[in-house]
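In what follows, a single structure is set out as structure tokens and then discussed.
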Amino acid sequence: MRTHTWMAVLGALVAFQSGCGMAAAEARPTRSAPAARPRGDVALAGSMPAPAEESDQRVAGNAEAPQGAPVPPPPPPPPPSPETKAPGADKKAEVAAAPGARDASMIVYTATLTMAVYQVQPNLTAVERIAKEKGGFLAIRGDNRITVRVPRERFEDALGAIEKVGDVLHRDVTAEDVTDQYTDLEIRIKNARAMQTRLKQLLEKAAVKEALDIEKELARVTEELELMEGKLKLLKDKIAYSTITVVFEGRGAALSGAQKVRLPFPWLGQLGLVNLLRLEEEKP
Numbered sequence: 002m003r004t005h006t007w008m009a010v011l012g013a014l015v016a017f018q019s020g021c022g023m024a025a026a027e028a029r030p031t032r033s034a035p036a037a038r039p040r041g042d043v044a045l046a047g048s049m050p051a052p053a054e055e056s057d058q059r060v061a062g063n064a065e066a067p068q069g070a071p072v073p074p075p076p077p078p079p080p081p082s083p084e085t086k087a088p089g090a091d092k093k094a095e096v097a098a099a100p101g102a103r104d105a106s107m108i109v110y111t112a113t114l115t116m117a118v119y120q121v122q123p124n125l126t127a128v129e130r131i132a133k134e135k136g137g138f139l140a141i142r143g144d145n146r147i148t149v150r151v152p153r154e155r156f157e158d159a160l161g162a163i164e165k166v167g168d169v170l171h172r173d174v175t176a177e178d179v180t181d182q183y184t185d186l187e188i189r190i191k192n193a194r195a196m197q198t199r200l201k202q203l204l205e206k207a208a209v210k211e212a213l214d215i216e217k218e219l220a221r222v223t224e225e226l227e228l229m230e231g232k233l234k235l236l237k238d239k240i241a242y243s244t245i246t247v248v249f250e251g252r253g254a255a256l257s258g259a260q261k262v263r264l265p266f267p268w269l270g271q272l273g274l275v276n277l278l279r280l281e282e283e284k285p
């Protein structure tokens, strides 16, 4: 009886150990050859970023190109921008646009010549003819004096041609800058016109008593406006046409009284040197 009991216990133990062994065998991973990686995994692994060391090795490998391999040409330089400006262009533009920059058209040119000639009247006509040839006109003509007006851009040419008529004894040329005067007149005229317009508007709405005072003020402003407009017109005329005045002095009569006296320079006759020499000769 006791023997049968131990036999049953041993059989149960053997069965238990056999069951545990089979469970452990199923749970233990079997070692086998690594399975082939599918193509999809290879592609995925290739798309993953390589480590820093591998990237450096690849760059170094690309840098060491084999000898004889064609070297790609360098990229062309970028085209020049059409808005590129020369150095100093902006500065020149600022200077040209500065309020203080002077305009050559605001210059009034005036010339006065004193000339010695043998015949006065023909030379007066010659000066008038020169002025008309240069696009000018006659302003004043006297017995031995003439004033002509020529366009400002022909001033130098006309002056040079007139100086060839006779011997120049005196020459005076002035260039007056009237920019400030011109600008001041323009501003004053603009303000006067604005005042005139304002007074006319008030006159339309004013009563009889107030209208008299407004009319007086309007008359005063209108008179000043007309005066300033006349000055501006005259100034524009002086700027557009330069003035040349020529005074002729005859020298033939002075030399006829003392033909034997010869002066080295014609202008010495204007100083009365011929008469002094003649008086010295007439002394006993």
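Converting from the sequence shown to my numbering requires adding 1 to each position, the first position being numbered 1. In this text, a Cβ means the ideal position worked out from N, Cα and C, and glycines have one as well. Just so it is clear, the structure is predicted and the values come from calculations on it, not from any experiment.
Three-state secondary structure (DSSP) of Gly143: coil
State the Cα-Cα distance for the pair Val222 and Met107, rounded to the nearest angstrom. 27 Å
Cβ-Cβ separation, Arg153 to Tyr119 (assumed contact under 8 Å), whole Å: Rounded, the Cβ-Cβ distance is 32 Å, inconsistent with contact.
Based on DSSP bridge pairs, tell me the residues matched to Met196. None, per the DSSP bridge assignment.
Just how far apart, CA to CA, sit Asp168 and Ser243? 22 Å
C-alpha gap between Glu230 and Gly251, whole angstroms: 43 Å
Apart from the five residues on each side of it in sequence, which residues of its chain come closer than 8 Å, Cβ to Cβ, to Gln182? Leu236
Output yes or no for whether 8 Å exceeds the beta carbon distance between Ala159 and Lys135. yes
Among Leu114, Lys239, Val247 and Thr115, the one whose alpha carbon lies nearest that of Asp178: Lys239
Does DSSP put Val209 in a helix, in a strand, or in coil? helix
Quick one: what's got a C-beta closer than 8 Å to Arg32's C-beta in the same chain, skipping five residues either side? At Arg32, the pLDDT of 47 sits below 50, so the modelled position is not reliable; the number obtained from the coordinates is stated separately. None.
Expected contact under 8 Å - CB spacing of Glu129 and Arg142 to nearest Å: 7 Å
Would you grab the beta carbon distance between Gln202 and Leu226 for me? Rounded to a whole angstrom, and I think it's under 8 Å. So it is not a contact: roughly 16 Å between Cβ atoms.
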